[in-house]
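Asker: I'd like to ask you about the structure that follows.
Residue numbers (this note's numbering): 534 to 643.
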């Protein structure tokens with residue numbers, strides 16, 4: 534029996550939520566593919582986590598995560614998993630191209 538992409542993604546979100554809870558964070562998983570997938574809170578910060586079983590974060594998702602950072606100061610996290618990998622990778626969400634350009638300008642002293 535083939536497992537749908539939705540079910541794989543949902544299962545991955547549950548795995549990520551469980552790991553974050555084991556790290557001591559309070560987590561809420563949003564149902565029905567809502568954005569972001571998980572909101573995690575500890576004493577000092579709020580993380581917004583987008584989970585991708587396929588490892589691909591679209592341009593619009595990157596922009597939306599960083600918009601949440603700019604607006605609310607939350608930490609945008611991208612959780613991904615490659616085929617055959619037991620545990621998820623967690624990293625700061627990649628900057629969208631529009632912000633990468635601004636960063637490069639600042640580094641060049643313009």
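The beta-carbon is built from N, C-alpha and C at its ideal position, and this holds for glycine as well.
List the DSSP bridge partners of residue 560.
Answerer: 573
Asker: Would DSSP call residue 549 helix, strand or coil?
Answerer: Residue 549 falls in the helix class under three-state DSSP.
Asker: Short check: CB of residue 570 to CB of residue 546, under 8 Å?
Answerer: yes
Asker: How is residue 587 classed by DSSP in three states: helix, strand or coil?
Answerer: coil
Asker: What residue range does the beta strand (DSSP E) around residue 624 cover?
Answerer: 622-625
Asker: By alpha-carbon positions, which one of 607, 586, 621 ends up nearest to residue 536?
Answerer: Answer by Cα proximity: 586.
Asker: Alpha carbon to alpha carbon, what distance is there between residue 604 and residue 610?
Answerer: Distance between the alpha carbons of residue 610 and residue 604: 15 Å.
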